[in-house]
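Heads up, the thing below is written out as structure tokens.
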Amino acid sequence: MDATEDSVPGGVSAAAPVIGVLALQGAFAEHESMLASLGVKSVEIRQLRDLDQNLDGLILPGGESTVQGKLLQDLHMLAPIRRLIENGLPTFGTCAGLLLLAKRVEDGDTHLGIMDITAKRNAYGRQLGSFFALQSLSGVGEIPMTFIRAPYIEEVGKGVRALARVDGHVVAAQEGNMLVTSFHPELNDDPSMHRYFIDMVTHG
């Protein structure tokens with residue numbers, strides 16, 4: 166496994182994992198910056214051959230899920246990514262990434278369709294199209310949450326653990342090796358969500 170040589174104050178370890186960040190569209194650069202602040206190496210996933218790298222985890226960023234899903238299909242990446250995740254690759258989907266992973270999407274298409282959740286697209290409507298909240302995340306504590314035309318999770322399957330709620334709606338959840346948030350943790354200074362994901366990667 167490729168790894169950074171030096172530890173970073175507040176980072177995860179001297180031998181950090183390598184995280185692939187889907188870089189077709191959306192807020193991928195912000196995820197890369199957050200990982201770098203934790204001393205974690207990231208590589209951009211832009212085409213099929215990029216998946217051949219020795220990845221320890223994968224981030225599906227926020228953006229436009231319909232656009233990302235079409236690009237994944239056109240680039241013949243949808244099925245290979247699905248197989249990697251089904252084979253246990255730790256994967257973190259934020260906002261659009263949540264929609265890509267969801268088995269069921271209200272008023273929208275499914276793409277990877279492997280996490281047992283029902284997601285509602287643009288769930289907060291125009292009036293609450295973008296907003297900020299401070300809310301508790303299970304096992305972590307209170308963290309900042311930035312929502313931008315966000316979905317939320319209407320239903321979780323039996324094996325899915327709800328990690329956070331805002332106004333009664335599930336906005337963060339985990340099922341095995343899959344972690345999702347409705348909000349954009351990469352747009353705040355708090356690295357808690359990314360540290361949570363890296364802990365999933367390194368400790369299972």
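Just add 165 to wherever you are in the sequence shown, counting from 1, and you've got my numbering.
Idealized CB from N, CA, C, for every residue including glycine.
Every value quoted in this text rests on a predicted model; they were computed, and no experiment measured them.
{"Item": "Continuous beta strand (DSSP E) stretch holding VAL331: start and end", "Value": "326–331"}
{"Item": "Assigned secondary structure, PRO255 (DSSP; H/G/I helix, E/B strand, else coil)", "Value": "coil"}
{"Item": "Residue environment, ASN219, which counts as buried when at least 16 other CB atoms sit within 10 Å", "Value": "exposed"}
{"Item": "VAL345 classed as buried or exposed, judged by whether at least 16 other C-beta atoms fall within 10 angstroms", "Value": "buried"}
{"Item": "Endpoints, beta strand (DSSP E) assigned at GLU340", "Value": "334–340"}
{"Item": "Local conformation of PRO309 per DSSP, three classes", "Value": "strand"}
{"Item": "Assigned exposure category for SER295 - 16 Cβ within 10 Å defines buried", "Value": "exposed"}
{"Item": "Close beta carbons around GLN292, own chain, < 7 Å, minus the five adjacent residues each side", "Value": "Any answer about GLN292 is weak, because its pLDDT of 49 lies below 50 and its placement is not dependable; what the coordinates show is given next. Closer than 7 Å at the Cβ level, and outside the excluded window around GLN292, lies no residue."}
{"Item": "Same chain, Cβ closer than 6 Å to PHE297, five either side skipped, listed in chain order", "Value": "THR311"}
{"Item": "Boundaries of the beta strand (DSSP E) in which LEU412 is found, first to last residue", "Value": "The structure shown has nothing for residue 412, since the chain only spans 166 to 369."}
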